[in-house]
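Numbering of the sequence shown is given in the UniProt record's numbering, commencing with residue 1 and proceeding in unit increments. Every residue gets a Cβ at the ideal spot worked out from N, C-alpha and C, and that includes glycine. Bear in mind the structure is a predicted one, so any value in this text is a computation, not a measurement. Report on the structure given below.
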Amino acid sequence: MLSRFDYNFFPPKEYSWIGYHSLFVYIIQVSVGNHQWTVKHRYSDFHDLHEKLVSEKKIDKNLLPPKKIIGKNSKSLVEKRQKELEVYLQTLLVKFPVTAPKVLSHFLHFHLYEINGITAALAEELFHKGEQLLMAGEVFTIRPLQLYAVTQQLLQGKPTCANGDAKTDLGHILDFTCRLKYLKVTGTGGPFGTSNIQEHLLPFDLSIFKSLHQIEINHCGGKLIKGLTSSKHALATMSVRFSATSMKEILVPEASEFDQWEPEGATSSCPVTAVIPTWRTLTTLDMSHNSISQIDDSVKLTPKIEFLDLSHNGVSLVENLQHLYNLVHLDLSYNKLVSLEGVHTKLGNIKTLNLAGNQLERLCGLNKLYSLVNLDLSNNKIEQIDEVKNIGNLPCLEKVVLSSNPLSIIPDYRTKVLAQFGDRASEVCLDNIVTTEKELDTVEVLKAIQKAKEVKYKLSNSDKKISEDSRLTAASSKSNCSSLTVRPSSPSLPRPVSSSQGNHVCIVLYFFCFFLIENLKCSRICILGEGFVTT
């Protein structure tokens, strides 16, 4: 049955090309409920429509106003023809109040914008190509508007084949979606086609897909998507972009119905109102280019995740990722991160980490990511070469990108950065550029200079220590000697110490001081020797 709709004729537009006569295009605005769209046709299109309807013996051949040659482009004739074509369309719609012939449906673009026309066109397409697509294992692309139309058809409970054509039966769609493994749902950023339809505002149900292994969703309304969780048992790869405001609305949409929930198999010390099954086969999750501000606790429902892409969002804190024991690849580029403190407690086994395009100034939180192999820190706010020391001792690190940071304009930036990796400098690829032999030679020189500075620092500290120890020893000796000074005898005073005892004490102190100084000299000689060997 046709949805109730209205239409309007706009004044025809005249188009001219050099060397050709003017052409007039009639613009028809069709409205169904709140949705409307425009269709453009020349008189010849009306004539073709009429010929097809007549050949199918559906209308009288004299119904269409005749074509005129003389004065065909005059304003009066064009206006008169517009009114006659309006009457022609009105007559057709009165004649076919329930189901429009296929040729008329296409003429008014019902197959693009109207629920019944959309589902009929999709069913016929799958009737012809469905089996071929399934056997080839190809990704099937569908629009949110098409899914909306199918969902509405199922909710209305109307006959699955209203126009009597078996090829347009809704059953062809349901059979295909039940067996499909690879699906892509792609909407538009603005109005669809010539209509006012905003696809990201259309609700639709994905529960008709029973066997999905991979799904990609773009430019849809995340909160309006129903039935996605019905694919939990088989889905391995999921991408949701330009569609979500939170991870929770995609991974656990039912969370809003419960005060306290926990993943299936988890233990909780708090009262739980719901136990929610996990995405037990999901290993790849791409939720980039959304409006996500937080890595919320819904990630607990994806324990098998290995690849997680949250780039181009508004995340400001790395959290809750300690639940993802299998995570090896994480993309948090182009978010709002300013600190990485304690990040190693959240990313135990990470191998590839993309932090490009954030607001990072320090790298102190990366020094314990011992399994890290690839690290992208480009387009941040890192100014000091010394910050690289935080990643210089990571044993597995092979690729580092620091381009487009303030430190990248420092003279000899590459060699100074590579020098922070010590003996592993030759194993590290900086900014996707292979390290040259010349750079490695320069790195060795910088390492030698750094070593000399360290030796000098040690010697300086040693000299300070010797000076301090000598001062303390001298002060101690002076104190002890003064306590042994001979005083005049007096009946009331104790007997003074004999000179032999005093000499004995002084001799002991002398040998003690001499022994201490000799040891310090030996220590100094050893340090100098170490410095000599290193040099």
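Runs of alpha helix (DSSP H) wholly within the segment 127-187 (minimum 4 residues, chain order): Look at the segment 127-187 and you find these whole runs of alpha helix (DSSP H), each 4 residues long or longer: 144-156, 171-179.
Exposure label - Ser333; buried when at least 16 CB within 10 Å: Around the Cβ of Ser333, a 10 Å sphere holds 16 or more other Cβ atoms; the residue is buried.
Neighbourhood of Asn379 by C-beta distance below 7 Å, restricted to the same chain and skipping five residues each side: Correct list, in chain order: Ala356, Gly357, Ser404.
Residues that DSSP places opposite Cys396 in a beta bridge: Cys396 is not bridged to any residue.
For Asp45, the three-state DSSP class (helix, strand or coil): It is helical.
Three-state secondary structure assigned by DSSP to Arg453: The question names Arg, yet the displayed sequence has Lys at residue 453. Three-state DSSP puts Lys453 in a helix.
Given Thr284 as reference, the closest of Glu216, Leu228, Ala244 once Cα atoms are compared: Glu216
Pairwise C-alpha distance: Asp376 and Asp431: Roughly 9 Å separates the two Cα atoms.
Check: Asp286 C-beta below 7 Å from any heavy atom of the ligand MN: Absent from the structure shown: the ligand MN. Ligands present: none.
Rounded separation between Gly187 and Thr177 - CA only: 19 Å
Residue from Pro65, Arg42, Ile115 with nearest C-alpha to Gln156: Ile115
Val388 - DSSP class collapsed to helix/strand/coil: helix
Three-state secondary structure (DSSP) of Asn116: helix
Sequence-distant residues of the same chain with beta carbon closer than 6 Å to Leu53, five excluded per side: Ile59
Among Glu361, Asp309, Ile276, nearest to Glu262 - alpha-carbon criterion: Ile276
Under the three-state DSSP convention, the category Leu330 falls into: strand
For Pro491, the three-state DSSP class (helix, strand or coil): Because Pro491 carries a pLDDT of 43, less than 50, the predicted location of this residue cannot be relied on, and the following value inherits that uncertainty. The answer is coil: DSSP assigns Pro491 none of H, G, I, E or B.
From Ile197, Val445, Leu407, residue whose alpha carbon lies closest to that of Asp423: Val445
DSSP-derived helix/strand/coil call for Ser239: strand
Spatially closest choice to Ser230 from Gly221, Glu254, Cys220, Phe242, by CA coordinates: With distances taken between CA atoms, Ser230 lies nearest to Glu254 out of Gly221, Glu254, Cys220, Phe242.
Gly314 beta carbon less than 8 Å from that of His344: no
Burial state of Asp412, where buried means 16 or more other Cβ atoms lie within 10 Å: exposed
Contact check, Lys346 vs Leu321, beta carbons under 8 Å: yes
C-beta atoms of Lys181 and Gly227 nearer than 8 Å: no
Complete runs of the beta strand (DSSP E) confined to the segment 341-368 [at least 3 residues]: 352-354
Distance CB(Ala123)-CB(Asp169) smaller than 8 Å: Closer than 8 Å, so yes.
Between the CA atoms of Thr99 and Asn335 - distance to the nearest angstrom: Going from the Cα of Asn335 to the Cα of Thr99 covers about 52 Å.
Same chain, Cβ closer than 7 Å to Ser195, five either side skipped, listed in chain order: In the same chain as Ser195, and ignoring 5 residues on each side of it, the C-beta atoms closer than 7 Å to its own belong to His35, Gln36, Trp37, Tyr113, in chain order.
Cross-strand partners of Ala274 (DSSP beta bridge): Trp261
Candidates Ile295, Asn218, Leu308, Asp297, of which the one nearest Ala236 by Cα: Leu308
DSSP beta-bridge partners of Val39: Ile28
Cβ-based neighbour list, Phe511, same chain, cut-off 8 Å, excluding 5 preceding and 5 following: Low confidence applies to Phe511: its pLDDT is 37, below 50, so where it sits in the model is not reliable enough to give any reading.
Own chain residues within Cβ distance below 6 Å of Leu206, not counting five before or after: Gly227, Leu228
Gln90 versus Gln146: straight-line alpha-carbon distance, rounded: 27 Å
Under the three-state DSSP convention, the category Ile409 falls into: helix
Reference Glu125; option with closest CA among Ala274, Leu108, Lys416, Asp175: By alpha-carbon distance to Glu125, the top candidate from Ala274, Leu108, Lys416, Asp175 is Asp175.
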